[in-house]
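Residues 12 to 854, numbered by the working numbering, are exactly what the sequence shown covers, in order.
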Amino acid sequence: MATTRNVFVAWRSVSASFPSDIVSGRVSRPLHLLLSVSLGAGIYGLSGGVPDKAEAATKQYPPVNGGASSVVPARKSAMEGQSAPKKKLPQNFTASGEETVKVTGHASLPNGVTNTTPGGGMMPPQTIAKSRSGLTRDYIAKQSPTSNAAALVASLPGVVYAGNDPLGTNDDQQGLTVRGLNQQEIGYLFEGIPAAAPVYLLPYTSAAADNENIQSLTLTQGSPDTRSPLYNAVGGELSETMRDPEHHFGGLIDATYGSFSLRRHFIRVDTGELGNSGIRGSISFSHRQADEWRGIGGTRRYHIDMKLLKEWEGGNRASFVMSYNDAKQYYLRAPTKAQWNEYGVNFNYNDTPLGSTPANYYKYEENRMKKFILGAPVNLKFDHGLSLDITPYFTYSWGYDNGGSTLSRDGSYLGPDLAGPLQVGGTNSTIVAASIDTYTLAYSGINAVLSWTKGHNTLTGGAWYSYFDQTEPQSYQAVNADGGVPSMWGNDPILTANGSVLRTYDIHLIQQTNALFINDTYKALNDKLTITAGFKEVMVTRSQTNLVPGVTYATGQSAAEPLPQFMASYKITPHDQIYINGTASFRMPASIMTYADRYSVSTGELSSKHASDISPEFAIGEEIGFRHSGFANVNVALFNYNFTHRQLSTTTYQNGLPITESIDAGGQTMRGAQIEVGLKRWHHFSPYFSGQYEHATIDSNLPTVATDGTAVNLPTKGKTAVNTPKFTAAVGLNYDDGSVFGGFNMNYVGKQYSTFMNDESIKGYETFNVNMGYRFRNFGFAKHPQIQLNLLNIGNNGYLSGTSSIKTNARSMIVAGHTVAASAPQYYVGGGFAGVLSFSTGF
């Protein structure tokens with residue numbers, strides 16, 4: 012909302028060198044004037060948010076120093092009728108007296124909204140020579156407080172968000188693709204920290220900051236920056252930043268209620284500056300619980316965010332960030348196409364134990380994750396154009412992903428060896444058990460970047476080191492007589508006849524990542540032309556052990572990949588830019604199960620053999636694009652990718668547990684075009700549009716095994732890539748007059764194939780979300796209290812939103828005289844309608 016502040020500037024007689032001409036300018040030019048004058052003056056009382064319009068009334072207006080990037084509007088001479096002077100060489104200018112400056116700007120509300128970002132907060136300005144989109148508080152604050160970061164970016168170009176609940180609370184079972192590349196191919200950074208577990212690479216964005224604390228989300232479609240501490244980001248980079256603590260004491264309270272018995276409470280406190288230290292901090296706590304939107308069961312989440320910040324002159328800053336998350340929920344059953352057609356949203360796990368299919372009881376499908384994220388980003392600037400950015404970090408996760416299973420008392424196996432009779436009470440030949448999959452993940456590292464700017468050149472170099480340690484022992488826990496599970500952590504596991512723990516795998520993996528990078532940026536033609544060339548060498552080593560008898564004990568893999576990048580951009584006008592880039596990227600297989608032998612506990616046969624001689628996924632990408640900024644903001648890009656050893660992730664089930672596995676899909680080509688348009692606020696309205704067309708094909712025949720054990724190649728060459736719709740689009744409109752606000756977002760996702768043979772698919776769908784609310788005036792301690800209503804998935808009562816389990820072929824077929832059996836894909840079920848009502852206030 013617009014605010015006006017009167018700024019009184021008292022200054023003594025000053026002498027400074029200025030050019031005599033004054034050129035028209037915009038927005039921040041009066042502030043540049045104040046900064047120029049302040050070299051010899053005392054300035055008092057200037058404060059406020061991001062300026063939108065600025066106007067200064069002066070007796071005499073000195074021009075801005077020629078070295079500044081912005082200049083002030085031309086003014087009439089102090090004497091009426093006197094014409095503006097002709098251009099002269101720089102001369103000394105002496106000013107004295109008193110000057111009153113009036114600044115009109117947009118102050119930030121307690122929830123961070125400024126209403127300054129084009130497209131209703133969905134199109135912040137970009138200048139990098141890559142496709143890049145983003146979200147600011149102007150958009151994020153108006154969405155449901157329950158949404159996670161992956162759901163928030165759903166309307167950006169090329170994004171397909173396959174949600175499985177309307178509230179966005181369950182990011183353990185969701186799909187996210189960018190230009191057809193899945194979420195394990197998208198690097199995820201939180202405050203510069205690689206927040207996704209380094210092997211599984213699933214982002215779990217709800218484990219990072221609460222929505223109220225997210226300052227911005229930035230999505231780079233394509234390869235990430237060379238300096239980013241990522242090695243999996245062939246599909247792009249999603250970067251999340253937290254808001255900075257306020258300079259003065261205050262805070263925010265938010266209470267949210269809604270469909271499916273949703274209850275959520277949030278409180279944040281800003282300390283203000285602590286004494287004379289210059290350090291300021293904030294800490295927040297939230298609690299959320301809700302019922303599952305289909306079936307029974309519920310979700311529960313506790314979350315804490317904290318940030319400490321110290322800033323000093325010259326752009327130096329040091330911060331410490333911490334996020335803690337404790338989430339518990341139940342897996343929702345993923346249907347096949349036939350199951351969906353028969354049962355619809357009613358297909359789920361059983362709501363009662365010990366029925367005809369006792370292993371399908373919903374309480375056995377409980378999963379829980381606790382996670383700490385700690386980081387200390389430091390940005391230092393020195394003399395002679397030197398700067399140093401260092402980010403040390405540590406992340407620790409522990410939890411379980413459980414399922415249901417039935418075991419034979421006398422006929423179960425530990426590896427290839429008979430394990431019975433199992434040491435379980437009772438006499439039943441069949442034992443109902445929870446299949447317990449506990450894990451601990453610890454990963455730490457440091458990313459250091461040194462830059463040197465000299466003239467038109469900026470040389471950047473650095474190194475990244477990461478150490479990752481994962482243990483994942485699986486076991487079984489017998490259920491009680493009433494079907495309950497004594498310990499979801501597996502504290503009383505089922506033992507074999509000789510006293511060993513019955514399990515399918517007992518894995519310990521260590522991964523070390525080293526990266527060295529260097530790039531040089533050169534600017535020419537008055538900074539209109541920018542050219543950047545860079546190189547990154549990434550070295551990854553994995554070593555894994557499996558303690559189950561009869562399996563291969565030690566496996567692993569090492570890889571080193573050179574990753575060059577080239578980017579160039581040219582400013583045709585101050586508002587128009589063209590750019591081009593060529594990049595290389597890679598990633599390792601995204602599952603520890605890739606390196607593990609697994610035997611069936613019911614037959615003792617080898618059900619999955621560890622892979623050897625695995626080739627990492629490698630991609631070469633090119634882009635050419637155009638940007639226009641101003642009242643209308645436009646970004647158009649053409650892109651091309653060529654993949655070798657494309658790695659696709661799928662979910663399989665073994666002994667009741669969901670197992671993430673990686674498939675080598677061979678070569679692939681992806682070509683397309685994307686567009687993004689956003690307007691600045693006009694009569695309180697700000698519209699947004701994004702769209703993408705993509706043609707993605709499989710370039711090789713996929714090897715598989717026929718029913719008789721013969722290796723054959725499926726004729727997949729030329730087929731359309733899975734999970735890659737040809738068309739996606741989003742339309743949004745935002746209104747905000749400072750008191751009344753509202754908006755909508757509509758997304759369209761085209762048809763997607765779920766098999767490599769293209770013999771099964773899901774049809775296109777639309778989602779429609781609406782938000783509306785009202786801000787009240789300050790009263791008492793309450794600052795801008797507001798009420799907000801979010802209506803999600805209007806008109807939907809469940810739909811297939813994406814593929815959870817990719818298959819080679821959904822129909823049986825004959826290849827070279829051998830039968831290849833059919834296998835049915837499984838799908839995410841998009842959420843039905845939900846309403847969310849929030850009450851919030853600053854203090």
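Cβ atoms here follow ideal geometry from the backbone N, Cα and C, with glycine treated the same way.
*Does the segment 583 to 590 touch the segment 546 to 559, meaning 3 or more C-beta pairs lie closer than 8 Å?*
Touching, no, given that fewer than three Cβ pairs across the two stretches are closer than 8 Å.
*Taking residue 269 as the reference, give the member of 803, 829, 840 and 813 with the closest Cα.*
It is 803 whose Cα lies nearest to the Cα of residue 269.
*In the DSSP assignment, what are the bridge partners of residue 693?*
Note: residue 693 sits in a beta bridge opposite 696.
*Between the segment 832 to 844 and the segment 783 to 792, are three or more C-beta pairs nearer than 8 Å?*
Output reads no: the segment 783 to 792 does not touch the segment 832 to 844.
*Which residue or residues does DSSP assign as beta-bridge partners of residue 377?*
DSSP, once it has assigned bridges, lists 341 as partnering residue 377.
*Report the rounded CA-to-CA distance for residue 538 versus residue 466, giving the unit in angstroms.*
So the two alpha carbons sit approximately 11 Å from each other.
*Taking the C-alpha atoms as reference points, what is the distance between residue 792 and residue 852?*
If you draw a straight line from the Cα of residue 792 to the Cα of residue 852, it comes to about 9 Å.
*Residues bridged to residue 569 (per DSSP)*: In the DSSP assignment, the residues bridged to residue 569 are 552.
*asked:* Out of 470, 531, 808 and 517, which one is the CA nearest neighbour of residue 564?
replied: If you compare the alpha carbons of 470, 531, 808 and 517 with that of residue 564, the shortest gap goes to 517.
*Using 8 Å as the Cβ pair cut-off and three pairs as the minimum, do the segment 365 to 385 and the segment 326 to 339 touch?*
Contact between the segment 365 to 385 and the segment 326 to 339 is present: 3 or more CB-CB pairs across the two stretches fall below 8 Å.
*Since residue 760 contacts residue 743 with CB under 8 Å, what's their CB separation in whole angstroms?*
Incorrect: roughly 15 Å between the Cβ atoms, too far for contact.
*Taking just the CA atoms, how far does residue 455 sit from residue 692?*
Cα to Cα, the separation comes out at about 43 Å.
_Quick check: what's the CA-CA separation for residue 280 versus residue 226?_
Rounded to the nearest angstrom, the two C-alpha atoms are 16 Å apart.
*Please list, in chain order, all residues of the same chain as residue 637 whose beta carbon is under 6 Å from its beta carbon, the five residues on each side excluded.*
Excluding sequence neighbours, residue 637 sits near 589 and 647.
*Are there 16 or more other CB atoms within 10 angstroms of the CB of residue 765, so buried, or fewer, so exposed?*
By the 10 Å Cβ count, residue 765 comes out buried.
_Short Cβ contact (9 Å threshold) for residue 131 with residue 640_ = Residue 640 is positioned such that its CB atom lies no closer than 9 Å to that of residue 131.
*Please report how far the alpha carbon of residue 824 lies from the alpha carbon of residue 717, in whole angstroms.*
The alpha-carbon atoms of residue 824 and residue 717 are separated by roughly 10 Å.
*asked:* Please give the ranges of any alpha helix (DSSP H) in the segment 139 to 208, keeping only runs that are unbroken, at least 4 residues long and fully inside the region.
replied: Along the length of the segment 139 to 208, whole alpha helix (DSSP H) runs at least 4 residues long occupy 148 to 151 and 160 to 163, reported in chain order.
*Rounded to whole angstroms, what's the CA-CA distance from residue 190 to residue 654? Just pull it up for me.*
Distance between the alpha carbons of residue 190 and residue 654 is about 13 Å.
*Looking at C-alpha atoms only, which residue of 408, 307 and 329 is the closest neighbour of residue 360?*
Sorting 408, 307 and 329 by C-alpha distance to the C-alpha of residue 360 places 307 at the top.
_Segments of 3+ residues assigned as beta strand (DSSP E) that fall wholly inside the segment 792 to 818_ = Annotation note: the segment 792 to 818 contains the following uninterrupted beta strand (DSSP E) runs of length 3 or greater, listed N- to C-terminal: 794 to 816.
*Taking three-plus beta-carbon pairs below 8 Å as touching, is the segment 501 to 513 in contact with the segment 433 to 450?*
With a cut-off of 8 Å, the segment 433 to 450 and the segment 501 to 513 count as touching, because enough Cβ pairs lie within range.
_Beta-bridge partners of residue 829, as assigned by DSSP_ = By DSSP's assignment, residue 829 forms a beta bridge with 826.
*Distance between residue 614 and residue 229 (C-alpha atoms, nearest Å)*: Going by the C-alpha atoms only, they are around 49 Å apart.
*Reduced DSSP category for residue 455 - H, G, I as helix; E, B as strand; rest coil*: Strand, per DSSP.
*Which of helix, strand or coil DSSP assigns to residue 754*: Of the three classes helix, strand and coil, the one that applies to residue 754 here is strand, per DSSP.
*Under a Cβ-count criterion, where at least 16 other Cβ atoms within 10 Å of its own Cβ denotes burial, should residue 368 be classed as buried or exposed?*
Classification of residue 368: exposed, given that the 10 Å Cβ count is below 16.
*asked:* Considering only their Cβ atoms, is the gap separating residue 240 from residue 482 smaller than 9 Å?
replied: Inclusion of residue 482 and residue 240 in the CB contact set at 9 Å is not warranted, their separation being larger than that value.
*asked:* With the cut-off set at 9 Å, would you say residue 885 and residue 316 are in Cβ contact?
replied: Past the boundaries of the shown model lies residue 885; the chain is included only from 12 to 854, so the question cannot be answered.
*Would you identify the three-state DSSP class for residue 369, choosing helix, strand or coil?*
DSSP places residue 369 in helix when its eight states are reduced to three.
*Do the segment 810 to 824 and the segment 244 to 263 make contact, defined as three or more Cβ pairs closer than 8 Å?*
The answer is no - the segment 244 to 263 does not touch the segment 810 to 824, with fewer than three Cβ pairs under 8 Å.
*Are at least three pairs of beta-carbons, each pair with one atom in the segment 350 to 365 and one in the segment 318 to 334, less than 8 Å apart?*
Taking a cut-off of 8 Å for Cβ pairs, the segment 350 to 365 and the segment 318 to 334 do not touch, as fewer than three such pairs fall below it.
*For residue 802, decide whether its Cβ has a neighbour in chain B, counting only Cβ atoms nearer than 9 Å.*
Given the protein chain composition of this structure (a single chain), no chain B is represented.
_Where residue 603 falls: helix, strand or coil (DSSP)_ = Looking at residue 603 - three-state DSSP - the assignment turns out to be helix.
*With 16 as the cutoff for other CB atoms within 10 Å, does residue 10 come out buried or exposed?*
Within the shown structure, residues of the chain are numbered from 12 to 854, placing residue 10 beyond reach of any answer.
*Does the segment 700 to 714 touch the segment 722 to 737, meaning 3 or more C-beta pairs lie closer than 8 Å?*
At 8 Å Cβ cutoff, the stretches touch.
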